[in-house]
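Number of protein chains: 2
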Amino acid sequence: MSTILDIAKLAGVAKSTVSRYLNGGSVGEATKKKIEQAITETGYSPNPFAQSLKAKKTNIIGTIVPRLDSYAASQTLIGIDEQLKKMNYQMLISNTSQNLEREIESIYSFANQKMAGIILLATEITDQHIEAFESVKVPVLLIGQEHEDFHSLIHDDFHAGYAMGRYVLEKGYRKIAYLGVTERDISVGVKRKQGFKKAIQEVDDCDVRFYETLFNIPAAQTSAKEIIHEFRPAIFVCATDNIALGVLKASYSEGITIPQDLAVTGFGGYDVTGIIHPGITTAKFFYKEAGESAARHIIELVNERSVEKVTVSKFEIIERESVDNLLNRPL
Amino acid sequence: MSTILDIAKLAGVAKSTVSRYLNGGSVGEATKKKIEQAITETGYSPNPFAQSLKAKKTNIIGTIVPRLDSYAASQTLIGIDEQLKKMNYQMLISNTSQNLEREIESIYSFANQKMAGIILLATEITDQHIEAFESVKVPVLLIGQEHEDFHSLIHDDFHAGYAMGRYVLEKGYRKIAYLGVTERDISVGVKRKQGFKKAIQEVDDCDVRFYETLFNIPAAQTSAKEIIHEFRPAIFVCATDNIALGVLKASYSEGITIPQDLAVTGFGGYDVTGIIHPGITTAKFFYKEAGESAARHIIELVNERSVEKVTVSKFEIIERESVDNLLNRPL
DNA sequence: TTAATTTTCGGAACCGGTTCCATTTGAGAT
DNA sequence: ATCTCAAATGGAACCGGTTCCGAAAATTAA
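These protein sequences, in sequence, are chains C and Y. Quick note: the first sequence, position 275, residue 274 per numbering that gives the first Met the number 0, numbers continuous. Quick note: the second sequence, position 223, residue 222 per numbering that gives the first Met the number 0, numbers continuous.
Pasting the structure below:
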């Protein structure tokens with residue numbers, strides 16, 4: 000591997016001149032040619048460590064993600080990556096395997112590695128997060144959760160919840176089980192539910208019960224089975240698509256037909272909801288687009304340009320077979 | 000951010016002494032204490048660029064992946080990442096969005112960034128790959144494809160194909176459509192088919208036809224629909240789970256019931272095959288474990304220890320509802 | 001033609017570590 | 001008390017770039 004000094008010697012100039020050539024300083028035409036030739040001849044390419052050492056900065060955006068094997072995460076990452084590439088930045092992924100402690104470590108580690116910025120696919124913001132973000136002086140962007148102290152890009156959970164509520168009511172459902180998650184997750188656990196509640200409060204003949212379960216399918220399946228026996232709702236409104244899948248499995252095992260005997264909705268718009276049969280009605284979020292937007296946002300922050308503190312990403316209700324129209328049913 | 004010089008001054012020693020302390024050289028007890036205190040006091044942590052610049056090497060393994068939104072890819076990455084962390088290495092992901100040219104670029108880019116090693120989740124090995132691997136002098140490990148010139152970790156595609164063939168025959172199926180992919184993909188397109196063919200050749204009353212489609216669900220769905228009409232097989236043996244999902248969709252839209260009217264099998268063991276109903280019988284590969292094994296393998300190569308050239312990862316036939324036992328059916 | 005600019009270029013310092021080498025220090029042996 | 005030898009330490013060079021500064025060369029103005 001050749002160094003800038005090799006090039007300088009080959010071209011018969013000083014290495015400062017080569018550096019200037021590389022970075023667009025003033026270089027004479029004749030020397031330009033010589034350097035150019037020396038570079039193509041050797042296939043020279045600057046050592047990024049030497050550059051970063053001097054610059055005290057990289058063009059890498061560190062992205063912290065709680066898990067890699069989730070549709071939302073991978074789509075978001077793809078969006079971030081593609082957009083960053085276009086802007087000549089690199090993405091570095093740190094997978095924390097849903098371990099909050101590792102998230103904190105990653106923040107410090109990224110700062111130490113002189114990342115230009117940090118994107119966190121957030122699930123929960125603890126005091127330790129805040130402390131870490133404040134002590135490292137690196138621009139930070141949260142995706143998926145909002146926090147007054149930091150820039151963030153969120154999905155429109157509240158309105159998605161509201162829209163889903165309206166949708167379900169319009170289809171004629173009144174006996175409803177809302178299967179949510181812990182309120183520590185503001186976006187998924189609180190906002191979606193609040194939006195849904197608002198829709199419910201606009202009608203008055205509703206029998207709605209709120210339940211809480213975990214994010215994974217087996218847990219949702221267990222919860223759903225219990226709820227079916229104790230409440231027998233006409234529809235499950237689930238806070239995530241995975242939970243909806245759990246409900247689906249529970250209803251299979253209980254011999255309940257969807258959507259005739261029980262309807263189900265989700266949130267997320269995961270691919271799988273469209274692949275399976277019956278397809279699940281869901282509020283689709285645009286993860287990839289959100290990732291692209293996040294990439295643009297963090298670069299604005301890196302370049303210290305002003306940018307609004309919170310961006311809201313769109314959603315869309317996707318109607319599939321898992322919800323019937325009760326109003327069209329024969330009496 | 001403090002530097003090693005700050006620590007040296009604070010502790011009243013030379014920076015070489017601090018460096019020695021950090022790297023386990025001989026340092027007196029008294030000075031050890033002083034340095035230790037200075038470090039905790041300032042929260043010092045060495046600049047990785049300065050280190051890498053001097054060392055001409057990093058402890059990062061570059062991993063090139065054709066796509067992030069695939070079960071196989073994300074599981075493999077998780078395995079690699081977790082194992083590397085344990086061994087004090089880092090993983091850097093380069094997503095190429097199924098663009099072979101980008102794979103080549105990534106190889107050179109990784110070499111330039113002084114990666115300790117490169118792992119490629121391979122789909123196809125072209126001459127350009129070979130050229131790139133040979134010109135950069137970085138240890139390389141292929142996952143998923145075999146090549147005589149390079150180290151590789153492959154799934155046992157041939158035997159999985161064979162086992163699947165045996166399984167299908169044992170269940171009594173004789174009118175079989177094998178829905179495969181391009182032979183440019185040696186593992187998926189050739190090996191699985193060869194194994195399957197071997198099983199078929201051991202019986203003689205078989206009506207098997209071989210078809211080729213693409214990796215994505217809609218393409219598989221279209222192909223399946225045509226095949227259903229022209230051949231009407233009793234079972235589809237699909238080269239991947241995604242193709243099997245395409246067949247499932249096609250049969251829904253054609254009003255064909257699974258497994259009563261048509262059986263389906265896949266390869267991969269993707270999560271979704273167990274979530275949906277009916278579950279798909281599939282040859283499950285152990286992607287995460289393969290990733291862990293790959294991580295260990297590449298580190299062996301990095302440390303120039305001898306290691307066998309090709310490792311074969313296990314598989315397991317998972318029996319689900321998408322295949323009936325014809326022999327148990329009432330006549 | 002000479003003076004005043006402007007452009008081009010080389011030298012040296014610097015970024016923050018590691019490592020080699022020479023010197024000092026201290027413990028143990030004689 | 002003196003000599004050895006190993007451990008402990010400091011100084012300097014080096015990794016491969018960038019950037020500042022001043023000198024030299026080329027251009028323009030007078």
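Note that the Cβ used here is the ideal one computed from N, Cα and C, for glycine as well.
Is it true that the CB of residue j sits closer than 7 Å to the CB of residue i?
i	j	result
Tyr161/C	Phe209/C	no
Ala249/Y	Ala289/Y	no
Ile124/Y	Gly61/Y	no
Leu119/Y	Leu99/Y	no
Met90/Y	Ile79/Y	yes
Gln278/Y	Ala243/Y	In the sequence on display, residue 278/Y carries Gly and not Gln. It is not a contact, given that the beta carbons lie outside the stated cut-off.
Lys113/C	Lys56/C	yes
Ala131/Y	Gly164/Y	no
Ser93/Y	Ile63/Y	yes
Phe149/C	Ser51/Y	no
Arg319/Y	Thr280/Y	yes
Gly273/C	Asp240/C	no
Glu145/Y	Ile153/Y	yes
Val306/C	Glu299/C	yes
Residues bridged to residue i by DSSP?
i	result
Leu4/Y	Partner(s): none; Leu4/Y has no beta bridge.
Cys331/C	The structure shown does not extend to residue 331/C, since chain C is modelled only from 0 to 330, so the question has no answer here.
Lys32/Y	Per DSSP, none; premise fails for Lys32/Y.
Ser252/C	None, per the DSSP bridge assignment.
Phe314/Y	Phe284/Y
Ser186/Y	The partner list for Ser186/Y (beta bridge, DSSP) is empty, contrary to what the question assumes.
Asn87/C	Asn87/C is not bridged to any residue.
Ser93/C	Ile63/C
Ile153/C	Val311/C
Quick check on residue i: does DSSP put it in helix, strand or coil?
i	result
Asn111/Y	helix
Thr140/Y	Note that residue 140/Y is Leu in the sequence shown, not Thr. It is a strand residue.
Arg101/C	helix
Gly194/Y	helix
Asn327/Y	helix
Ala10/C	helix
His296/C	helix
Asp148/C	coil
Ser15/C	helix
Phe284/Y	strand
Arg208/Y	strand
Pro163/C	A small fix is needed here, since residue 163/C is Met in this sequence, not Pro. Three-state DSSP puts Met163/C in a helix.
Leu120/C	strand
Gln259/C	coil
Val64/Y	strand
Asp125/C	Residue 125/C is actually Thr in this sequence, not Asp. If DSSP states are grouped into helix, strand and coil, Thr125/C belongs with coil.
Thr41/C	helix
Phe266/Y	strand
His228/C	helix
Phe214/C	coil
Tyr20/C	helix
Tyr290/Y	Note on residue identity: the sequence assigns Gly, not Tyr, to residue 290/Y. If DSSP states are grouped into helix, strand and coil, Gly290/Y belongs with the helices.
Lys56/C	coil
Beta carbon of residue i: closer than 6 Å to some heavy atom of the ligand ZN?
i	result
Gln74/Y	Inclusion of the ligand ZN in the displayed structure is not the case, the ligand content being empty and no account of it being possible.
Notebook entry, point to check: Would you call the region 254-265 of chain Y and the region 308-324 of chain Y in contact, with 3 or more CB pairs under 8 Å?
Noted result: yes
Notebook entry, point to check: Pairing CB atoms from the region 186-203 of chain Y with CB atoms from the region 148-163 of chain Y, are three or more of them under 8 Å?
Noted result: yes
Notebook entry, point to check: Would you call the region 283-299 of chain Y and the region 307-315 of chain Y touching, i.e. three or more CB-CB distances under 8 Å?
Noted result: yes
Item checked: Interface positions of the region 274-305 of chain Y facing chain C (Cβ-Cβ less than 7 Å), listed along the chain -> Ile274, Ile275 and His276
Check: Closer than 8 Å, Cβ to any Cβ of chain Y: which residues of the region 29-55 of chain C, in chain order?
Finding: Ser44, Asn46, Pro47, Phe48, Ala49, Ser51 and Leu52
Next item on the list: Below 8 Å between beta carbons is the criterion; list the residues of the region 108-135 of chain C that meet it against any residue of chain Y, in chain order.
Entry: Asn111, Gln112 and Lys113
Next item on the list: Can you give me, in chain order, the residues of the region 66-80 of chain Y that have a beta carbon less than 9 Å from any beta carbon in chain C?
Entry: Arg66, Leu67, Asp68, Ser69, Tyr70, Ala72, Ser73, Gln74, Leu76, Ile77 and Asp80
Notebook entry, point to check: Do the region 122-137 of chain Y and the region 97-113 of chain Y meet, that is, are 3 or more Cβ pairs less than 8 Å apart?
Noted result: yes
Next item on the list: Check each residue of the region 249-275 of chain Y: if its Cβ is closer than 7 Å to any Cβ of chain C, include it; give the result in chain order.
Entry: Tyr251, Val271, Ile274 and Ile275
Margin query: Any contact between the region 8-21 of chain Y and the region 4-11 of chain C? By contact I mean 3 or more CB pairs, one from each, below 8 Å.
Written below: no
Margin query: Under 8 Å, CB to CB, which of the residues in the region 92-103 of chain C have a partner in chain Y?
Written below: Ile92, Asn94 and Ser96
Next item on the list: Using a Cβ-Cβ cut-off of less than 7 Å, list which residues of the region 216-227 of chain C approach chain Y; keep chain order.
Entry: Ile216
Notebook entry, point to check: Taking a cut of 7 Å between CB atoms, which residues from the region 233-247 of chain C lie near chain Y?
Noted result: Leu244
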